[in-house]
Amino acid sequence: MLIFIIRRTGTMALTMLVVSILLFILLELQPGNVAVKVLGPYSSEEQRNLWLEANGYFDPIYQRYFSWLFNFISGDFGDSVRFKVPVSEILWPRLGNTGILAAATLAVVIPISLGLGVLAGMREGSKLDRTISVGSIITTSIPEFASAPLLGAIFVFYLGWLPGTSGMIDGFDIVQLILPVMVLVLYDFGYVTRMTRASMAEVMMTHYIRTAVLKGLPYRTVIMKHALRNALIAPFTVIMLQINWLLSGVIVVEFFFSYKGFGALLLEASLNQDIFMIEACAMVAVFVAVATQTIADVGYTYLNPRIRFS
Amino acid sequence: MAVDVQDVPRRESALLRSLKGIALIRESMVGMIGLGIIVFWVLMALLADVIAPFPPNTNYLPLATPFTPTLDGEGMFWLGTDLQGRDILSRIIHGSRKVLMLAPLATFCAYLVGIPMGLAAGYKRGWVDDVLSFLSNVILSFPILVLYVIIIATIGSSAINILLAVTFASAPGIMRIVRGLVLDLRNREYVFAAETRGEPSWRIMLIEILPNARGPLIVDACLRVGYVIITIGVLGFLGLGLPPPDPDWGGMINEFRVMSMSFPHMTVFPCLAISSLVLGFNLLADGLREVSLRD
């Protein structure tokens, strides 16, 4: 097990390394472009050259890459071109806000999708199963950027129940969190539900469930004691991997509701060519994605003895 | 003594057989509904000039709500007009063209890259597999929209660049699926037979293995077109889409998102349009999967 964890962490580090090279190539290969991004399009050739020299951009490319990487690992992400302050000063609070949003979303998605998935998978092919399955296809077909205005029209325009923006200008307000969470939940729960359903349906076909039913155990006990334990292993992985998707959704939702989070920051940085901010945001996003993937792998192995002991 | 040679019925051509396979979709109600939605939008796109009541970029009465008659009383803005007075229904109908051209084309390009990668990785194994699998894992570890936003914001937004970005981001996923299928199919007897005949490996991959992997790939392609439609929409929505003024659904939502809480009709209808098209592809994929699992 320990060796497995070490190996997975090693793969994770290697992935991050390749990602960093890709990002570096995409964004910093041409020093001239970096200077334009940092100093703005109206800077003179002379100014750019001075800046490039001062910041070591005339060094060979591998040297530049390694010094960038070293600074990055030691927590120095550079200065934001747009906000004129160190990237980390803005990045961490924003990431915290997105953490709140994501935690709230998962807190709703997990019970709903596990519950519906188990209900649907318990009796495969029943009317309830078909309804839940088709329902979850429909909700996953409404992308976040469409459900946000749709839900906004209903709850803000027609009913007037909720505020239409989530800027949190007067401090944290949980009411402003409801619509963004609703949008994210609506798009995300369908997939987890379908995966839980598939896992549950598979378990219900196994011999040990048939044995349990045939020996006359009450149906409730069969489900609670025998089926659920095995059926909930696969959804654990799915939920962890869902965090990767959540990071995409967060960009759309934060942009639409002007929520001051990480996704909006990344988008803003990309649109404004705020180069060091883009690099930091992208690295953080990939790190979160890869870390959750690794946790999913390790957790799955831990939860599933059939894999652990083989 | 004459040997009675029985006439072997000729096998139908491969194309006809796969078409017949797809035609099985009529046994799935869900699939038929999906197909119906897609056909509806394809017709809309093809006949946009005939069906749309107004030209998409002409300005009439601004901010008309749905069912407002035109000033001369002869026509009607069924879904209202936007801030610049353009008829929303006509813009939605015309907007279907862009999505329906770009999404299948981008998906096709992604398959064109992903399939050879998957075939090579699954059939050759060894270091080819290791390298390709690792690279695809790296790309797949990006949250997908982060990848799109960075690529498009860096290389600029145009139809070609969106095509490139979709190919780059989707090919690894396709490769993974193809590879999985090939790992299973490469141990079949007909592959051994072909190897014994001394067929070159590209022939085995393309002629023996690929046609037998088509079932799951068709289902995946349907789902993927749906995702690409979402991608194109989301890029438009984030302001990274195709340049105006020609209508594009995501762009229409973006243009008036600030006013969507006070004049919802400008954003609600493009939202419904894009959701219905994605739903069509998802239902079709579900139907195809159901039908293919049946036999």
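Chain order of the listed sequences is A and B.
The numbers in the first sequence follow the numbering used here, run straight up by one, and end at 310.
The numbers in the second sequence follow the numbering used here, run straight up by one, and end at 605.
Glycine included, C-beta positions come from ideal geometry on N, C-alpha and C.
A quick note: this is a predicted structure, and the numbers were derived from the prediction, not measured.
Can you tell me whether DSSP reads residue 378/B as helix, strand or coil?
Residue 378/B falls in the strand class under three-state DSSP.
Let me see if you follow: with CB-CB separation under 8 Å, is residue 103/A close to chain B or not?
Closer than 8 Å: no.
Could you tell me the alpha carbon to alpha carbon distance between residue 347/B and residue 590/B, rounded to whole angstroms?
The straight-line gap from Cα to Cα measures roughly 5 Å.
Hey, does residue 488/B have any beta-carbon neighbour from chain A nearer than 8 Å?
No, its Cβ sits nowhere closer than 8 Å to a Cβ of chain A.
Taking buried to mean at least 16 other C-beta atoms within 10 Å of its own C-beta, is residue 127/A buried or exposed?
By the neighbour-count rule (16 or more Cβ atoms within 10 Å), residue 127/A is not buried but exposed.
Apart from the five residues on each side of it in sequence, which residues of its chain come closer than 7 Å, Cβ to Cβ, to residue 374/B?
If we look at residue 374/B and ignore the five residues flanking it on each side, its Cβ neighbours are 387, 390 and 391.
Would you please verify whether the beta carbon of residue 176/A is less than 8 Å from any beta carbon of chain B?
No, no contact with chain B.
Taking the C-alpha atoms as reference points, what is the distance between residue 447/B and residue 482/B?
Spanning the two alpha carbons is a distance of roughly 8 Å.
Taking Cβ-Cβ distances shorter than 9 Å, what residues in chain A pair up with residue 584/B?
Residues of chain A passing the Cβ test: 142, 143, 145 and 146.
Just the C-alpha distance for residue 189/A and residue 23/A, rounded to the nearest angstrom, thanks.
Using only the alpha carbons, I get a separation of about 32 Å.
Taking C-beta to C-beta, are residue 12/A and residue 291/A nearer than 8 Å?
Against a cut-off of 8 Å, the Cβ pair of residue 291/A and residue 12/A comes out as a contact.
Below 6 Å CB to CB, which residues in the same chain sit around residue 594/B once its five sequence neighbours on both sides are set aside?
Excluding residues within five positions, the ones whose Cβ falls inside 6 Å are 341, 344, 345 and 532.
Does the region 470-484 of chain B come within contact of the region 520-539 of chain B, defined as at least 3 CB pairs closer than 8 Å?
Contact holds: three or more Cβ-Cβ distances are below 8 Å.
CB residue 576/B to CB residue 570/B, shorter than 8 Å?
In contact: residue 576/B and residue 570/B (Cβ atoms closer than 8 Å).
Report the rounded CA-to-CA distance for residue 9/A versus residue 297/A, giving the unit in angstroms.
The straight-line gap from Cα to Cα measures roughly 11 Å.
Please report whether the beta-carbon of residue 10/A lies at a distance below 8 Å from any beta-carbon of chain B.
Chain B, which has no Cβ nearer than 8 Å to the Cβ of residue 10/A, makes this no.
Of the residues that make up the region 460-485 of chain B, which ones have a beta carbon closer than 9 Å to any beta carbon in chain A?
Result list: 460, 461, 462, 463, 464 and 465.
Which residues in chain A sit within 8 Å of residue 532/B, going by Cβ to Cβ distance?
Those do not exist, as residue 532/B stays about 12 Å from chain A at its closest Cβ, beyond 8 Å.
Considering only residues of the same chain and omitting the five flanking positions on each side of residue 136/A, which have a CB-CB separation below 6 Å?
The answer, listed in chain order, is 190, 193 and 194.
Could you tell me which residues DSSP pairs with residue 397/B in its beta bridges?
Bridge partners of residue 397/B: 391/B.
With a CB to CB cut of under 8 Å and the five nearest residues on each side skipped, what residues in its chain are close to residue 511/B?
So the qualifying residues of the chain are 433 and 434.
Output yes if chain A places a C-beta closer than 8 Å to the C-beta of residue 594/B; else output no.
By this cut-off, residue 594/B is not an interface position.
Measure how close the beta-carbons of residue 120/A and residue 141/A come, nearest whole angstrom, since I'm counting them as under 8 Å.
At roughly 18 Å, the Cβ-Cβ gap does not stay under 8 Å, so residue 120/A and residue 141/A are not in contact.
List, from N- to C-terminal side, the beta strand (DSSP E) runs of 3 residues or more that fit wholly inside the region 156-209 of chain A.
Here no run is fully enclosed.
Just to make sure I have the definition right: I need the residues of chain A whose C-beta is within less than 9 Å of the C-beta of residue 581/B. Which are they?
142, 143, 145, 146, 147, 148, 149, 150 and 153, listed in chain order.
In terms of residue numbering, what span does the alpha helix (DSSP H) encompassing residue 447/B cover?
Note, residue 447/B: alpha helix (DSSP H), 436-450.
Run through chain B and tell me which residues come within less than 9 Å of residue 157/A, C-beta to C-beta.
Those within 9 Å of residue 157/A in chain B are 570, 571, 572, 573 and 574.
Is DSSP giving residue 555/B helix, strand or coil here?
If DSSP states are grouped into helix, strand and coil, residue 555/B belongs with coil.
From the DSSP output, in three-state form, read off residue 427/B for me.
Here residue 427/B sits in helix by DSSP.
Work out the CA separation of residue 66/A and residue 173/A for me, nearest whole Å.
Going by the C-alpha atoms only, they are around 43 Å apart.
Rounded to whole angstroms, what is the Cα-Cα separation between residue 301/B and residue 159/A?
Any answer about residue 301/B is impossible in this case: the structure gives chain B only from 311 up to 605.
Does the ligand COA have a heavy atom nearer than 7 Å to the CB of residue 291/A?
Ligands in the displayed structure: none, and consequently the ligand COA is not present.
When burial is assigned at 16 or more other CB atoms within 10 Å of the CB, is residue 411/B buried or exposed?
So residue 411/B counts as exposed.
Just tell me which of 502/B, 598/B and 457/B has its CA closest to the CA of residue 526/B.
The shortest C-alpha separation from residue 526/B is found at 598/B.
Taking only three categories from DSSP, how would you classify residue 60/A?
Looking at residue 60/A - three-state DSSP - the assignment turns out to be coil, as it is neither helix nor strand.
Give the secondary structure of residue 274/A by DSSP, where H, G and I count as helix, E and B as strand, and everything else as coil.
Three-state DSSP puts residue 274/A in coil, outside helix and strand.
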